[in-house]
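Working notes for the structure below.
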Amino acid sequence: MNIYFVRHGSTEGNETDQFQLPTIELSERGLKQAEVLANRFKSIPIDIIFSSPMMRASQTAQAISLVTGHAVNENPIFEEVNRPTAVRGRCKSEPEVKEIMKIVKSTFTDPDNRHSDEEDYFQIRDRAQKMLEFLSKKEERNILVVTHGEILKMVLALVIFGDKITPELFYEVKRTFVPDNTGITTIQYDLSFELHESGWYVLGWNDHAHFGEF
Numbered sequence: 560m561n562i563y564f565v566r567h568g569s570t571e572g573n574e575t576d577q578f579q580l581p582t583i584e585l586s587e588r589g590l591k592q593a594e595v596l597a598n599r600f601k602s603i604p605i606d607i608i609f610s611s612p613m614m615r616a617s618q619t620a621q622a623i624s625l626v627t628g629h630a631v632n633e634n635p636i637f638e639e640v641n642r643p644t645a646v647r648g649r650c651k652s653e654p655e656v657k658e659i660m661k662i663v664k665s666t667f668t669d670p671d672n673r674h675s676d677e678e679d680y681f682q683i684r685d686r687a688q689k690m691l692e693f694l695s696k697k698e699e700r701n702i703l704v705v706t707h708g709e710i711l712k713m714v715l716a717l718v719i720f721g722d723k724i725t726p727e728l729f730y731e732v733k734r735t736f737v738p739d740n741t742g743i744t745t746i747q748y749d750l751s752f753e754l755h756e757s758g759w760y761v762l763g764w765n766d767h768a769h770f771g772e773f
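Heads up, the sequence shown stops at 773 in the working numbering, and the numbers go up one at a time, no gaps.
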């Protein structure tokens, strides 16, 4: 099974370094990225498309749908990591936002002392695990998933470390693996793969060869 994880196209929130609202749309640059990405999938076999229902992901998936002819199946399991309501739609550089996110980081592994309504480490880990379990049960062999940067990092961390994943290891993945908008990460699931008993392995990370087209 081949699973192509795609981060959505660029938004004004990306371009101004915001914590984004679920309703934010692709920017002019993001729409162009989605168009170029969609053309890339003319030559990559796809059997089914899944997407986060957040607008920026949905728009990216719809662009691919127009080219491939496959309907988009939206599922909230593929949504971005949930940040506190108090920071959504605001720039990360704002002093108040910085203070809130310091609290979020300090309580990331302490579910009983979260700042407010954000997802903690364990919720993010468990949701990413459910994503992999959901996909592993599909009959289709070539699956496209349009999702988001932070949740994709946890998926990657689970594929690499499996049950050995820890908050410290996840932080290292967060720090060192930064997916581009419309970058393609290819993960394969094959239980006959002897080097990783889970059957999951990374075949390609953040492929953005299509960037040369605009």
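C-beta atoms are modelled at their ideal positions from N, C-alpha and C, and glycine is treated no differently.
How is R566 classed by DSSP in three states: helix, strand or coil?
strand
CB A616 to CB H567, shorter than 8 Å?
yes
Tell me whether I743 sits in a helix, a strand or coil according to DSSP, three-state version.
strand
Whose CA, out of Y760, N765, Q747, I636, lies closest to the CA of F736?
N765
In or out: S586 buried (at least 16 other Cβ within 10 Å) or exposed?
buried
Do the CB positions of L590 and I623 come within less than 8 Å of each other?
no
Could you check whether T706 and F637 sit closer than 8 Å to each other, using their CB atoms as the reference points?
yes
Given a cut-off of 8 Å, decide if E699 and D606 are closer than it, judged by their beta-carbon atoms.
yes
Can you check DSSP and say which residues form a bridge with V705?
V565, S610
Look at the Cβ atom of I702, then the Cβ atom of L694, and state whether they are nearer than 8 Å.
yes
Per DSSP, F578 is paired with what?
R647, R649
Pull up the DSSP beta-bridge partners for Y748, would you.
W759
Per DSSP, V631 forms a beta bridge with which residues?
I608
Coarse secondary structure for D676, derived from DSSP in three states:
coil
Is the closest heavy atom of the ligand FAD to the C-beta of E658 under 7 Å?
The ligand FAD is absent from the structure shown, which contains no ligands of any kind.
Look up D685 in the DSSP assignment and say whether it is helix, strand or coil.
helix
Between the CA atoms of I719 and M614 - distance to the nearest angstrom
29 Å
Closest residue to A768 among T744, S611, K696 (Cα-Cα distance):
T744
So what's D669 in DSSP terms, helix, strand or just coil?
coil
Compute the distance between the beta-carbons of N740 and S610, then report whether it is under 8 Å.
no
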